[in-house]
Amino acid sequence: MPVDLPQGVSAAIGADGVTVKGAKGSLNLTLKSGIRVVQHDKHLTVEATTAEEGMNAIAGATRAHLANMVVGVTKGYEKKLELVGVGYRAAIQGKTLSLTLGYSHLISYPIPEGVVIETPSQTEIIVKGIDRQRVGQTAAEIRHFRPPEPYKGKGVKYSDEKIALKEAKKK
5 MPVDLPQGVS AAIGADGVTV KGAKGSLNLT LKSGIRVVQH DKHLTVEATT AEEGMNAIAG
65 ATRAHLANMV VGVTKGYEKK LELVGVGYRA AIQGKTLSLT LGYSHLISYP IPEGVVIETP
125 SQTEIIVKGI DRQRVGQTAA EIRHFRPPEP YKGKGVKYSD EKIALKEAKK K
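Numbering (our numbering), first residue to last: 5 to 175.
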C-alpha cells in the first residue's frame with residue numbers, strides 16, 4: 005500500500021534511510037537491510053528485496069512508520085494527560101516539568117528534545133511533537149510517576165483513558 009505525500013511534504017531517499025520534510029520539520033527513518041523505498045510522483049512504496057521469513061512484516065512496519073512521519077510533519081501529534089487527586093499539580097519551570105504527585109518530594113522531569121510540553125491548568129499536561137514515538141514515550145514516562153490506582157482513580161491518566169474502579173472491601 006503506498007504512502008501518499010500531501011502538498012508541501014517531500015521525501016529524500018538515501019542508501020540507508022528516508023528523510024521526510026514538511027511544514028513542522030523533518031524526520032529520519034533508518035532502513036533495515038532488505039527493505040527498499042521507491043518514490044513514484046507523490047507516493048512512497050515500501051518493498052522487501054529478499055524473500056526471507058519476516059521481511060514482509062518489516063516492510064509493513066516501515067510503511068506504517070513512514071505514514072506516521074508524514075502525518076507528524078504535516079499535523080503533528082499530541083497526548084493529553086490529567087492529574088486526578090487532591091494536591092496533584094504540574095508546572096513548567098524552564099526546560100523541566102515539575103510534578104507534585106503526593107510524594108514527599110517534588111518530581112522534576114527534564115523535557116526531551118523535539119517534544120513540547122504545555123500545562124494549560126495545574127491538572128492538565130499536553131505533550132506535543134512531530135515524532136509519534138517520542139510523544140507517546142514522553143507521555144508514558146510522565147504517567148509512570150503515579151499511574152491511576154483502582155480504588156479512587158487517583159494518579160496521572162490519559163484524558164481518554166477510562167479507569168475501572170474496584171469496590172472497597174466489605175466487612
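Glycine is no exception: its CB is placed at the ideal position from the N, C-alpha and C atoms.
Taking all protein chains shown into account, Pro152 has 16 or more neighbouring C-beta atoms within 10 Å of its C-beta and is therefore buried.
Bridge pairing for Asn32: Thr23 [DSSP]. According to DSSP, residue pairing for Glu56 in a beta bridge does not occur. For the options Arg67, Leu35, His44, Ala61, the alpha carbon positioned closest to that of Val50 is the one of Arg67. As the crow flies, the alpha-carbon of Tyr81 is around 16 Å from that of Ile115. Residue pairing from DSSP leaves Tyr155 without any beta-bridge partner.
The beta carbon of Asn32 is closer than 7 Å to those of Gly21, Thr23 in its chain, skipping five residues each way along the sequence. Between the alpha carbons of Glu57 and Val41 lies a distance of about 19 Å. The Cβ-Cβ distance between Pro6 and Leu48 falls below 8 Å.
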